[in-house]
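Numbering (this note's numbering), first residue to last: 1294 to 1588. As structure tokens, the structure follows; a few thoughts come after it.
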């Protein structure tokens, strides 16, 4: 099965983005023939994030999101196999590169923070071409799949480190050496490894790792995203120096600043966000999950 999956991914790498993006439309339509559990999760998240929108508007956004998620999957061929020159040729714009240059000017480490928006894997590949980079990821259980993932994503010189207690030491060392580290800030941590901070106006258990890394290393924070351009043109990179509030000694202030930034970027590209993730599953005081079915 893994062999067939890798063969399919290699075949996807041969196809132009414009064709792949076009294929995503009928594939998403086919997927809608069967209403899945993921569709209910998406609907719940959209209702939480956009209460001012009516049902028709949210359904239109869900349909657009389904197309974008197919496009994300079809981009795996590029992520795994495209050479650096080809990827760079499809990055149509890089906004805020000076934020990275300024962050590195004083020799301190750079902490790149992003979310599940656009194609975060293309973002990691791009950043690994700019600075020595270690990125945190959730390792799959299958050792062969894990090997395939690391081989593909580390091919430009970056390194992946699996989430867990050893990862903290690796990221600290990387930042203290004046190099780069990358995190996705919207992954729900385990109880005890985060704190509840509002995201889209609702409490979300938010990882404290970015705050701890910043406080312990004095690194600079660069807020990062890679979103999909229309018409199969490629991707747009956006880098932004974090506001001073992101460095606050008060963890709630720092984490709220980061969540607010991500929410604003999601609003700019709402269809490209990973709405099928149970971001609000855990609630304060063991409150009920909004994803629980009400029969």
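Where is the CB? At the ideal position from N, CA and C, for every residue including glycine.
Requested in this report: State yes or no: is the C-beta of residue 1335 within less than 7 angstroms of the C-beta of residue 1364?
Outcome: Within the chain shown, numbered from 1, the residue matching residue 1335 stands at position 42. Within the chain shown, numbered from 1, the residue matching residue 1364 stands at position 71. Not closer than 7 angstroms, so no.
Query - Residues near residue 1588 by beta carbon distance below 6 angstroms, same chain, minus five either side - result: Locating residue 1588 in the chain shown gives position 295, where the first residue counts as 1. Here residue 1588 scores only 49 on pLDDT, less than 50, and its place in the model is too uncertain to base an answer on.
Query raised in the report: Between residue 1515 and residue 1403, is the Cβ-Cβ spacing less than 7 angstroms?
Result: Taking the first residue of the chain shown as position 1, residue 1515 is located at position 222. Taking the first residue of the chain shown as position 1, residue 1403 is located at position 110. Their beta carbons are under 7 angstroms apart, which means residue 1515 touches residue 1403 by this criterion.
**Report entry** Beta-carbon proximity list for residue 1534, same chain, < 6 angstroms, skipping 5 on both sides
**Finding:** Translated into positions along the chain shown, residue 1534 becomes position 241. 1392, listed in sequence order.
Query raised in the report: According to DSSP, is residue 1429 helix, strand or coil?
Result: Residue mapping note: residue 1429 aligns to position 136 of the chain shown, counting from 1. Correct three-state label for residue 1429: strand.
Query raised in the report: Counting Cβ pairs, one atom from each stretch, are 3 or more of them under 8 angstroms apart for the stretch 1458-1475 and the stretch 1317-1335?
Result: Per the Cβ contact rule, the stretch 1458-1475 is not in contact with the stretch 1317-1335 (fewer than 3 Cβ pairs under 8 angstroms).
Query raised in the report: Using the rule of at least 16 other Cβ atoms within 10 Å of the residue's Cβ for burial, across every protein chain shown, is residue 1435 buried or exposed?
Result: Stepping through the chain shown from its first residue, residue 1435 is reached at position 142. If you draw a 10 Å sphere on the C-beta of residue 1435, you find fewer than 16 other C-beta atoms in it, and that means exposed.
Query raised in the report: Do you know offhand how far residue 1432's Cα is from residue 1346's?
Result: As a working note, residue 1432 is residue 139 in the chain shown. As a working note, residue 1346 is residue 53 in the chain shown. Each residue's alpha carbon lies about 37 angstroms from the other.
Requested in this report: Counting only the same chain and skipping the five closest in sequence on each side, list residues whose C-beta sits under 7 angstroms from that of residue 1509.
Outcome: The residue given as residue 1509 occupies position 216 in the chain shown. So the list reads 1465, once near-sequence residues are dropped.
Report task. Report the rounded CA-to-CA distance for residue 1459 versus residue 1586, giving the unit in angstroms. Result -> Within the chain shown, numbered from 1, the residue matching residue 1459 stands at position 166. Within the chain shown, numbered from 1, the residue matching residue 1586 stands at position 293. Each residue's alpha carbon lies about 37 angstroms from the other.
**Report entry** Chain-order list of residues whose beta-carbon lies under 7 angstroms from that of residue 1556 (same chain, five-residue window excluded)
**Finding:** Along the chain shown, one-based indexing puts residue 1556 at 263. Correct list, in chain order: 1492 and 1493.
Query raised in the report: What residues are listed by DSSP as bridge partners for residue 1512?
Result: Locating residue 1512 in the chain shown gives position 219, counting from the first residue. For residue 1512, which the question treats as bridged, DSSP gives no partner whatsoever.
Query - Close beta carbons around residue 1374, own chain, < 8 angstroms, minus the five adjacent residues each side - result: Your numbering for residue 1374 matches position 81 in the chain shown. Taken in chain order, the residues that qualify are 1302, 1303, 1306 and 1445.
Query raised in the report: Three or more beta-carbon pairs under 8 angstroms between the stretch 1396-1416 and the stretch 1368-1384, yes or no?
Result: Under the three-pair Cβ rule at 8 angstroms, the stretch 1396-1416 counts as touching the stretch 1368-1384.
Query - 4 or more residues per run - each alpha helix (DSSP H) lying fully within the stretch 1439-1520 - result: 1458-1469 and 1502-1510
Requested in this report: Within the same chain, show all residues whose beta-carbon is closer than 6 angstroms to that of residue 1368, passing over the 5 residues directly before and after it, in chain order.
Outcome: As a first step, residue 1368 is located in the chain shown; it is residue number 75 there, counting from the start. Within the same chain, and ignoring the five residues on either side of residue 1368 in sequence, the residues whose Cβ sits closer than 6 angstroms to its Cβ are 1412.
Report task. Would you grab the beta carbon distance between residue 1456 and residue 1429 for me? Rounded to a whole angstrom, and I think it's under 8 angstroms. Result -> The residue labelled residue 1456 in the question sits at position 163 within the chain shown. The residue labelled residue 1429 in the question sits at position 136 within the chain shown. The pair is a contact, with the Cβ atoms about 6 angstroms apart (cut-off 8 angstroms).
Query raised in the report: Taking C-beta to C-beta, are residue 1400 and residue 1421 nearer than 7 angstroms?
Result: For the purposes of this step, residue 1400 is taken as residue 107 along the chain shown, with counting starting at 1. For the purposes of this step, residue 1421 is taken as residue 128 along the chain shown, with counting starting at 1. Going by C-beta atoms, residue 1400 is not nearer than 7 angstroms to residue 1421.
**Report entry** Inter-residue spacing [alpha-carbon to alpha-carbon] between residue 1577 and residue 1481
**Finding:** The residue given as residue 1577 occupies position 284 in the chain shown. The residue given as residue 1481 occupies position 188 in the chain shown. The straight-line gap from Cα to Cα measures roughly 13 angstroms.
Query raised in the report: Would residue 1558 pass as a contact of residue 1518 if the rule is Cβ separation under 7 angstroms?
Result: One-based indexing of the chain shown puts residue 1558 at position 265. One-based indexing of the chain shown puts residue 1518 at position 225. The answer is yes: Cβ separation under 7 angstroms.
Query raised in the report: How would you call residue 1340, buried or exposed, if buried means at least 16 neighbouring beta carbons within 10 angstroms?
Result: Counting from 1 along the chain shown, the entry for residue 1340 is found at position 47. Residue 1340 is exposed by the Cβ-count criterion.
Requested in this report: Give every residue of the same chain whose Cβ lies closer than 7 angstroms to the Cβ of residue 1573, excluding the five residues on either side of it in the sequence, and list them in chain order.
Outcome: Within the chain shown, the letter at position 280 stands for residue 1573. For residue 1573, where only same-chain residues beyond five positions count, the Cβ hits under 7 angstroms are 1341, 1495, 1497 and 1583.
Report task. Under 8 angstroms by Cβ, that's how I've got residue 1548 and residue 1501 pegged, so tell me the actual separation to the nearest angstrom. Result -> For the purposes of this step, residue 1548 is identified with residue 255 of the chain shown, where counting begins at 1. For the purposes of this step, residue 1501 is identified with residue 208 of the chain shown, where counting begins at 1. The beta-carbon separation of residue 1548 and residue 1501, rounded to 7 angstroms, stays under the 8 angstroms limit for a contact.
Report task. Could you have a look at residue 1588 and say whether DSSP puts it in helix, strand or coil? Result -> In the chain shown, the residue the question calls residue 1588 occupies position 295. Unreliable positioning characterises residue 1588 in this predicted model, as indicated by a pLDDT of 49, which lies under 50. The coordinate reading is nonetheless provided below. Of the three classes helix, strand and coil, the one that applies to residue 1588 here is coil, per DSSP.
Requested in this report: Taking 7 angstroms as the cut-off, decide whether the C-beta atoms of residue 1565 and residue 1361 are in contact.
Outcome: As a working note, residue 1565 is residue 272 in the chain shown. As a working note, residue 1361 is residue 68 in the chain shown. Against a cut-off of 7 angstroms, the Cβ pair of residue 1361 and residue 1565 comes out as a contact.
Query raised in the report: Going along the chain, which residues of its own chain have a beta-carbon closer than 6 angstroms to the beta-carbon of residue 1424, five neighbours each way excluded?
Result: To locate residue 1424, count along the chain shown from 1; it is residue 131. For residue 1424, the CB contacts under 6 angstroms within the same chain, skipping 5 residues up- and downstream, are 1473 in chain order.
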